[in-house]
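The next block holds one structure in the form of structure tokens; read it before the comments.
2 protein chains.
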Amino acid sequence: MTPKKPTPPATIYDVARKSKVSIATVSRVLNKKNSVVTEKTRLQVLEAIKELNFKPNISARRLVSNRTNLIEIFFHINNFPVNFKSDWYNGILVGATQVIQSHNLGLLINFLVGIPDPQEIVDRVFQNNVDGVLMISPSLEEKHLLELSRQSTPVVMVGHRAQSPDISFVDTNNIEASEMMVEHLINLGHKKIACLAGPIHNVQNAKDRLEGFKNAMAKHGLSVPKNFIVPSDGFIKHNGYDEMKKLLKLSEKPTAIYACDDMLAMGAWDAVTEAGLKVGKDISIAGYDDIPAVSVAPYSLTTIRQDMEGLSAAATRLLISQIKSPEGFVPSQQYESTKLIVRSSTGPAPK
Amino acid sequence: MTPKKPTPPATIYDVARKSKVSIATVSRVLNKKNSVVTEKTRLQVLEAIKELNFKPNISARRLVSNRTNLIEIFFHINNFPVNFKSDWYNGILVGATQVIQSHNLGLLINFLVGIPDPQEIVDRVFQNNVDGVLMISPSLEEKHLLELSRQSTPVVMVGHRAQSPDISFVDTNNIEASEMMVEHLINLGHKKIACLAGPIHNVQNAKDRLEGFKNAMAKHGLSVPKNFIVPSDGFIKHNGYDEMKKLLKLSEKPTAIYACDDMLAMGAWDAVTEAGLKVGKDISIAGYDDIPAVSVAPYSLTTIRQDMEGLSAAATRLLISQIKSPEGFVPSQQYESTKLIVRSSTGPAPK
DNA sequence: GCTGAGGATGTAAGCGTTTACAAGTTTTTG
DNA sequence: CAAAAACTTGTAAACGCTTACATCCTCAGC
Numbered sequence: 004m005t006p007k008k009p010t011p012p013a014t015i016y017d018v019a020r021k022s023k024v025s026i027a028t029v030s031r032v033l034n035k036k037n038s039v040v041t042e043k044t045r046l047q048v049l050e051a052i053k054e055l056n057f058k059p060n061i062s063a064r065r066l067v068s069n070r071t072n073l074i075e076i077f078f079h080i081n082n083f084p085v086n087f088k089s090d091w092y093n094g095i096l097v098g099a100t101q102v103i104q105s106h107n108l109g110l111l112i113n114f115l116v117g118i119p120d121p122q123e124i125v126d127r128v129f130q131n132n133v134d135g136v137l138m139i140s141p142s143l144e145e146k147h148l149l150e151l152s153r154q155s156t157p158v159v160m161v162g163h164r165a166q167s168p169d170i171s172f173v174d175t176n177n178i179e180a181s182e183m184m185v186e187h188l189i190n191l192g193h194k195k196i197a198c199l200a201g202p203i204h205n206v207q208n209a210k211d212r213l214e215g216f217k218n219a220m221a222k223h224g225l226s227v228p229k230n231f232i233v234p235s236d237g238f239i240k241h242n243g244y245d246e247m248k249k250l251l252k253l254s255e256k257p258t259a260i261y262a263c264d265d266m267l268a269m270g271a272w273d274a275v276t277e278a279g280l281k282v283g284k285d286i287s288i289a290g291y292d293d294i295p296a297v298s299v300a301p302y303s304l305t306t307i308r309q310d311m312e313g314l315s316a317a318a319t320r321l322l323i324s325q326i327k328s329p330e331g332f333v334p335s336q337q338y339e340s341t342k343l344i345v346r347s348s349t350g351p352a353p354k
Numbered sequence: 004m005t006p007k008k009p010t011p012p013a014t015i016y017d018v019a020r021k022s023k024v025s026i027a028t029v030s031r032v033l034n035k036k037n038s039v040v041t042e043k044t045r046l047q048v049l050e051a052i053k054e055l056n057f058k059p060n061i062s063a064r065r066l067v068s069n070r071t072n073l074i075e076i077f078f079h080i081n082n083f084p085v086n087f088k089s090d091w092y093n094g095i096l097v098g099a100t101q102v103i104q105s106h107n108l109g110l111l112i113n114f115l116v117g118i119p120d121p122q123e124i125v126d127r128v129f130q131n132n133v134d135g136v137l138m139i140s141p142s143l144e145e146k147h148l149l150e151l152s153r154q155s156t157p158v159v160m161v162g163h164r165a166q167s168p169d170i171s172f173v174d175t176n177n178i179e180a181s182e183m184m185v186e187h188l189i190n191l192g193h194k195k196i197a198c199l200a201g202p203i204h205n206v207q208n209a210k211d212r213l214e215g216f217k218n219a220m221a222k223h224g225l226s227v228p229k230n231f232i233v234p235s236d237g238f239i240k241h242n243g244y245d246e247m248k249k250l251l252k253l254s255e256k257p258t259a260i261y262a263c264d265d266m267l268a269m270g271a272w273d274a275v276t277e278a279g280l281k282v283g284k285d286i287s288i289a290g291y292d293d294i295p296a297v298s299v300a301p302y303s304l305t306t307i308r309q310d311m312e313g314l315s316a317a318a319t320r321l322l323i324s325q326i327k328s329p330e331g332f333v334p335s336q337q338y339e340s341t342k343l344i345v346r347s348s349t350g351p352a353p354k
């Protein structure tokens, strides 16, 4: 079928020959915006380019310019596909793509699944000579991030923050958002609030959300019994379910649950319902993320919404500015705002 | 902060100098698997590479090898974000990524949103000199697809089929799957079956599903009144809702609905419920796609499941084999299997 | 009409690799 | 032990482009 035409693609030499100019001139009409070339010659060259269907070889350009015009995005997922949140990742991807395309760059996508050797990650990052890296990783350790940012390739973390001031990131302020949410519960009269905290041992977001919880409780002079802070291995629905069951067995039960992730909240919801209690009335539940599932039946969850697309776009713009900044870039850490979405899962504390 | 070290990256020359061999030898230890180099020299070179932290410049490699080892995936979305089905696209992305990573290739991702000028699409496709292209487009016209496949870059369509035998694709067999679904309805005793057909004017999948519907009806000698075939502009929930409302107003109502897409089915479901009828009892509804939303409350939809990850992986493998095939490749068209998922939305035809 | 300035064009080097071919070294063989 | 065979290594060209520098024109100014 369709025998491939073995004609090798036209090069700049072919164009030069055909339009009777030198390759330098061809290159100039290709690259220089404000014409340094006679209009007549320019047209000749353009004509030849069209006739020969010439497309510049991008690898050659990249070699000589020492820029690939490529950005690579890394999705690091510990537990695939359990931790793969389509909507969250898609938001990031779409936000990044839009900015990247408007700058005429290319986007390479890379999934790091499981818990790969950190050195392997570092190697993978530099394997493609990309101009910059967007890193989405809930649990890459600080030192490896530092290792990345030490190289001359800018790296921006998206949706996760780092402690070190040398690491650029764009994230929401998980601490503040959590405080806001917990204050919402407190304002409803709740005093006995438990926190489904998720993987606080290795995920910064989880740590921060718990911190926000503690801050708000302390600020309002509320004490938190030890067993009201419930970590779990992941942000997984059955974690929320299991832990909620345990909470319901306590003699002194909480009247409200702050779940640091919507999946945990949904699990908790199921456990509460199963126990014959009504969410939002007998027990209030709040979540975090506003994934699509929590706004449709049977759920109607009060939660925190982050604009992932916007956040990702901001991160990408930051990355691009760092790439363009000629004499080394300065790490930059940005927080995007969040929104408290109130639905029927939170209500006044029962008397 | 972190002043960038301006040391330029080490080249193969630096390594050669340091290990006191020629660049050719360095290149050999880099590339040849079955050692053509003395073990002693090899170790020397490896040592120098490590000390200098040398990483081969991939642009140079690409230039000389005339291969980028890059594959580009195009998501063509007419109506963004309405037509952007996260799960469907993610399935494709994940399937492709897995195969690509296992082959040590890179994946560029590109969104074509709106209805871009077809010529622009063609240009975009060839702009990055990638080795192959995965194309996801519901509505790119045949002639432009042909234009793409005419170039020496292999293109494989994913999840959509083409008529021309010159265009490679991997898809499910929409016609057969539809037949299977409609026969399921017929076996339940339904005779008056309407089809929410979606955008049959410009989307091949929609055309095919309608064809499957017609085939099955004809095969069982059932006639289809003209107004039982209901096209719409898109596979959008409110299309299903609106059209279902109209169907419910007919004097001769259908007892079953075959919606060619889950979104249409969900919309129809809402309309039916709103009219005080019970889905699966008073009216049966079947969908297509098995998106996550149709398996949780309030929906429980009989539908067709396609394994998008598997399909995409198959497409990627096909693409890679075409890339590797030395003397031109042969277009190949593959159909992956589907599954009929029966839930409570379909039941026996009412008497 | 000549000089010189400034703009248009050409020449050639260089970007960092791979690889054909040549040259040199070691091993095998009779 | 010499010649042939088999390895190992080095030299240099090539991939297709950008760009510094050199050269050549054109035309203004006198």
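So the sequences go chain by chain: C and H. Remember, the numbering used here sits 3 above the position in the first sequence when you count from 1. Remember, the numbering used here sits 3 above the position in the second sequence when you count from 1. Idealized CB from N, CA, C, for every residue including glycine.
query: Unbroken stretches of the beta strand (DSSP E), 3 residues or longer, contained in the stretch 17-55 of chain C; result: none
query: Start and end residues, alpha helix (DSSP H) containing Leu251/H; result: 240-252
query: Endpoints, the alpha helix (DSSP H) within which Asp174/C is located; result: First-last for Asp174/C: 171-175, but that is the beta strand (DSSP E), not the alpha helix (DSSP H).
query: Same chain, Cβ closer than 7 Å to Leu55/H, neighbours up to 5 away in sequence not counted; result: Ala13, Asp17, Val18, Lys21
query: Alpha-carbon spacing of Leu321/H relative to Met160/H, whole angstroms; result: 10 Å
query: Limits of the beta strand (DSSP E) - the one that Leu111/H falls within; result: 109-116
query: Touch test, the stretch 302-320 of chain C against the stretch 98-108 of chain C, Cβ-Cβ under 8 Å, three pairs minimum; result: yes
query: Cβ of Arg65/C within 8 Å of any chain H Cβ; result: yes
query: Span of the alpha helix (DSSP H), counted from its first residue to its last, around Glu145/C; result: 145-153
query: Contacting positions in the stretch 105-135 of chain H - beta carbon closer than 7 Å to chain C; result: Gly109, Leu110, Leu111, Ile112, Phe114, Phe129, Asn131, Asn132
query: Member of Glu150/C, Gly94/C, Gln207/C whose CA lies at the smallest distance from the CA of Gln166/C; result: Gln207/C
query: C-beta neighbour in chain H for Thr100/C, strict 8 Å; result: yes
query: Residues from the stretch 274-305 of chain C in contact with chain H, defined by Cβ distance under 7 Å; result: Ala300, Pro301
query: Cβ distance (whole Å) where Glu339/H is taken to contact Val158/H below 8 Å; result: The Cβ separation is near 18 Å, so there is no contact.
query: Neighbourhood of His223/H by C-beta, 6 Å cutoff - its chain only, sequence neighbours within 5 removed; result: Ile189
query: Exposed unless 16 or more other CB atoms sit within 10 angstroms - verdict on Ser68/C; result: exposed
query: Any chain H beta carbon closer than 8 Å to Ile74/C; result: no
query: Three-state secondary structure assigned by DSSP to Ala278/H; result: coil
query: Where Gly162/H sits in the DSSP three-state scheme; result: coil
query: Residue-chain proximity (Ile61/H, chain C), Cβ-Cβ < 8 Å; result: yes
query: Where the alpha helix (DSSP H) through Lys88/H begins and ends; result: Neither: Lys88/H is in no alpha helix (DSSP H) and is coded neither H nor E.
query: Classification of Pro11/C by the beta-carbon crowding that lies within 10 angstroms, buried from 16 upward; result: exposed
query: Three-state class that DSSP yields for Leu314/H in the structure shown; result: helix
query: Phe114/H versus Arg127/C - alpha carbon distance; result: 24 Å
query: Inter-residue CB distance, Ile288/C and Ala262/C (contact presumed, cutoff 8 Å); result: 6 Å
query: Residues near Leu225/C in its chain [Cβ-Cβ closer than 8 Å; skip 5 each side]; result: Ile189, Lys194, Ile196
query: Contact list for Asp90/C against chain H, beta-carbon separation under 7 Å; result: Ser89
query: Simplified DSSP state of His187/H, which is helix, strand or coil; result: helix
query: Selection from Glu255/H, Ile52/H, Val24/H, Lys53/H that minimises the alpha carbon distance to Pro41/H; result: According to the sequence as given, residue 41/H is Thr; it is not Pro. Here the closest residue by C-alpha is Val24/H.
query: Member of Asn93/H, Val102/H, Lys240/H whose CA lies at the smallest distance from the CA of Ile139/H; result: Asn93/H
query: Three-state secondary structure (DSSP) of Pro334/C; result: coil
query: Leu111/C vs Leu66/C beta-carbon contact at 8 Å; result: no
query: For Leu363/C, the nearest candidate out of Met247/C, Ala259/C, Asp134/C (CA to CA); result: Summary: the structure shown does not reach residue 363/C, with chain C confined to residues 4 through 354, and so no result is reported for it.
query: Helix, strand or coil at Asp3/C [DSSP, three-state]; result: Nothing can be reported for residue 3/C: it is not among the residues displayed for chain C, which extend from 4 to 354.
query: Where Asn93/C meets chain H, residues with beta-carbon distance less than 8 Å; result: Phe87, Ser89, Tyr92, Asn93
query: DSSP state of Ser68/H mapped onto helix, strand, coil; result: helix
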